[in-house]
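Presented below is the structure to which this report refers.
Numbering (the numbering used here), first residue to last: 1461 to 2365.
Now the structure itself:
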């Protein structure tokens, strides 16, 4: 930098480190009226609107100069002049613009001069809003002793950067404190999703990123750029984040693929997204349940969904001859509930079949491109034989050495009953050591029995069509020698199937005394039935995991995204690919780092529990990862998440039959758990998961406990929180949990389902709920709830646990409702034809909508007259958003209107 010198001298001095340096100095302090100027040559701006000037200087203390006049100064001035002319030799003093008066923080004295060591002062000033090509700097001395050591002029800029796949160049900062808006340029193989912009601040930092670029189809983001998709993967849309593996039965052989080409024989519809592919495989695990002339068919979705989510099912029915060699279409007389074709659920009920006939059902899975495929569609065949089952009453009398059995014959047997066959043996003896007795009568006395001994009886009937199979076992005990009461009798409910199907004994004992029967339930475990084993019974909990859960290699799992958080860590979704099997979508629970041994045991105990279950309505455990970190539990993936959230999202969108189908699935899963002597303890809609086919599955076994063999036994917890709104009174009071307490919880789940996820007992506190239940209060029927469903809820909420239905009975009841949809047409009316209320608050209480009192008051609806013309739009503004609640309120308002405002309401 060149300087124009006016009365300044260029000399050499020593700095603080004794290094020589060149300075410009002036020290005419002995003369008054000093005006000495030092000016730079033209300095180019280089586009900067704001420049910074750093000066280093020394200044002599006036007091250290003996004999100087009072005009000695200890400051100097700094000016600038902006100009497009780079060759000015003279600038008028009045044309300069003053930057500042500069004073020294430290001044030197005569001693310092003698030592030739002077401390430097450093000051920084700035000039803003520059607009011409350059400027001149000038320094004015008015009588100080000053040495100017250095002048450094600079400006700031925001450095080149890449953010959100957009490049932002070096950018000079703006004048004053203004932000400079900069538009980014998308990097290679990317395009603008939203215009990328950032702001360069005055201090040289980037602020407020807006917008972004996205990689073009066929490319995915990698670090600060886009890289092509590898062969075997594709990216169809720029808005997709990453390349994904080609769908089943399609491939891409080159890089940068935006779609995968279907393999020969497979197709993709023109309107399909590129992620869809081929037809699906056959349904899995078909199950048929015959109930007289009605068949319930259940199945699992195909293992190969064809990469699609638009799967439906269709059924084809054929009636076959006795040897099944010849089959004909069933015709129009057979009915399917909910329907025969285009099913989205995996359960259907077939009614009005002919008794004692053979049928063959083909369950076909279809998707959007099945019609384009020349290959056979995925299908599975189920063969069933109908029957005609009737119920009879079996009566027994016993003494010390005999038992007399008597029963009423079936009303409509498959032909004439030829005889009955009874076998029996001692309970603790081998089953092969049995005795066979036959009779044409419906009465039989078995003599020669041992006193005080338990015997097992099994019965079957023979008709013209032959013998049926033996039914369930009945255990009966002879009287002790000291006790002989010939009046004691027991009545058992029995189910006899004529023809090929057998006598099935239902377990229910009535002890008759003074002609007034009282019911005692005593379930009998059949040979070969599976009993749940609690992991805590193992000395080594890790052995329970090894016994019940399959170890999976972590390399077989790919985690894609986080979908939630559990008690022990994150819950993710991803893919599981085991050797020899197709890739499936799974949910992955991982144990967070830093866990203790107890946390690991508790975490894996849920896998030890789930691994013992195998039922279409229980969440399926795929396996565990325990040999490396993180420890993981892998389960099937349920696309629609928890039932309560799913119902709230789809409020009012399902038919009653669909809701009953969901409830039937939950009850079926709970029956399975109950049969294994397993108590869930936390049955609620939040712990039911729903897949894409609306199949509901019981999950979350963190609170579950085991029952002992004693039917009255219950597990007592060691404290801890329990879900009050879902828990039975005896479980709340005594912390005792049984299958009967699960039935109570199931009734609450029924209420949640029919009300589309409404909170049980609304905003009542837990203590208010406990008090209300104890006083006999039960939840009212939700809006449009069929009478039979609410009645079943009330049966589940019987105070006496022995009076509640079993899960098996609940499943049977729901099956009957599905077979007879007309029974669901009678709905509970939550409103009352005539109100006897006089205030808005009483009216809301009467229609069970008291939780909205505050909403009405805040909106200005404080009297009963004011609500007579309320609309749904007004209810929405008041945060009454549930469709069922809106309908209930509007319906009751119409009743108020019909009664007339002159009537006390």
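Built from N, CA and C at the ideal position, the CB exists for glycine as well.
Check	Outcome
Rounding to the nearest angstrom, what Cα-Cα distance links residue 2231 and residue 2117 in this structure?	34 Å
Give the secondary structure of residue 2269 by DSSP, where H, G and I count as helix, E and B as strand, and everything else as coil.	helix
According to DSSP, what are the bridge partners of residue 1907?	Paired residues: none, contrary to the question.
Ignoring anything shorter than 3 residues or poking outside the segment 1527-1600, list the beta strand (DSSP E) runs there in chain order.	1535-1543, 1557-1563, 1581-1587
Who are the near neighbours of residue 1431 in its chain, counting only those whose CB is closer than 6 Å to its CB and skipping five residues on each side?	Lying outside 1461 to 2365, the shown extent of the chain, residue 1431 is not represented and no answer is given.
Can you say whether residue 2120 is buried or exposed, counting buried as having 16 or more other CB atoms within 10 angstroms of its CB?	buried
Could you pull the start and end residues of the alpha helix (DSSP H) that residue 2366 belongs to?	Since the displayed the chain opens at 1461 and closes at 2365, residue 2366 lies outside it and no answer follows.
Report yes if the C-beta distance between residue 1760 and residue 1803 is below 8 Å; otherwise report no.	no
Ignore the nearest five residues each way along the sequence and tell me which others in residue 2327's own chain have a CB closer than 8 Å to its CB.	2300, 2303, 2316, 2321, 2353, 2356
Please classify residue 1471: is it buried, with 16 or more other beta-carbons within 10 angstroms of its beta-carbon, or exposed?	exposed
Start and end of the alpha helix (DSSP H) containing residue 2003?	2001-2008
Go ahead and label residue 2095 buried or exposed: buried means 16 or more other beta carbons lie within 10 angstroms of its beta carbon, across all protein chains shown.	buried
Going by other Cβ atoms of all chains shown within 10 Å of its Cβ, with 16 needed for buried, is residue 1717 buried or exposed?	buried
Give the single residue among 2152, 2184, 2106, 2076 whose Cα lies nearest to the Cα of residue 2133.	2076
Report the option in 2196, 2141, 1649, 2223 whose CA atom is closest to the CA atom of residue 2186.	2141
Which residues in the same chain as residue 2191 place their Cβ atom closer than 6 Å to its Cβ, once the five residues preceding and following it in sequence are excluded?	2197, 2201
If we call anything under 8 Å between Cβ atoms a contact, is residue 1595 one with residue 1670?	no
Would you mind giving the Cβ-Cβ distance between residue 1560 and residue 1496, rounded to the nearest angstrom? I have them listed as a contact below 8 Å.	In fact, because the Cβ distance is near 18 Å, the residues do not count as touching under 8 Å.
If we call anything under 8 Å between Cβ atoms a contact, is residue 1757 one with residue 1821?	yes
Check each candidate in 1726, 1667, 2003, 1661 and name the one with the smallest Cα separation from residue 1509.	1661
Which residues in the same chain as residue 2277 place their Cβ atom closer than 7 Å to its Cβ, once the five residues preceding and following it in sequence are excluded?	2120, 2248, 2283, 2284
Between the beta-carbon of residue 1763 and the beta-carbon of residue 2042, is there less than 8 Å?	yes
What three-state label does DSSP hand residue 2219 in the structure shown?	coil
Near residue 2268, what residues of its chain come up, given a Cβ to Cβ distance below 7 Å and the 5 sequence neighbours on each side ignored?	2131
Give the DSSP-derived three-state secondary structure of residue 2314 in the structure shown.	helix
Per DSSP, what kind of secondary structure is residue 1666 in: helix, strand or coil?	strand
Checking the sheet assignment: what are the DSSP bridge partners for residue 1776?	1822
Along the chain, where does the beta strand (DSSP E) that runs through residue 1496 open and close?	1496-1500
For the beta strand (DSSP E) that residue 1898 lies in, which residues bound it at each end?	1895-1899
Can you name, in chain order, every residue of its own chain whose Cβ lies under 8 Å from the Cβ of residue 1744, other than the five neighbours on each side?	1759, 1760, 1761, 1762, 1763, 1840
Between which two residues does the beta strand (DSSP E) carrying residue 1623 extend?	1621-1623
When we look at the beta-carbon of residue 1896 and count the other beta-carbons within 10 Å, is it buried (16 or more) or exposed?	exposed
So what does residue 2247 bridge to, in DSSP terms?	Partner(s): none; residue 2247 has no beta bridge.
Between which two residues does the beta strand (DSSP E) containing residue 1759 stretch?	1754-1760
Can you tell me whether residue 2089 is buried or exposed? The criterion is at least 16 other CB atoms within 10 Å of its CB, across all chains shown.	exposed
Does the distance from the CB of residue 1607 to the CB of residue 1485 come in under 8 Å?	yes
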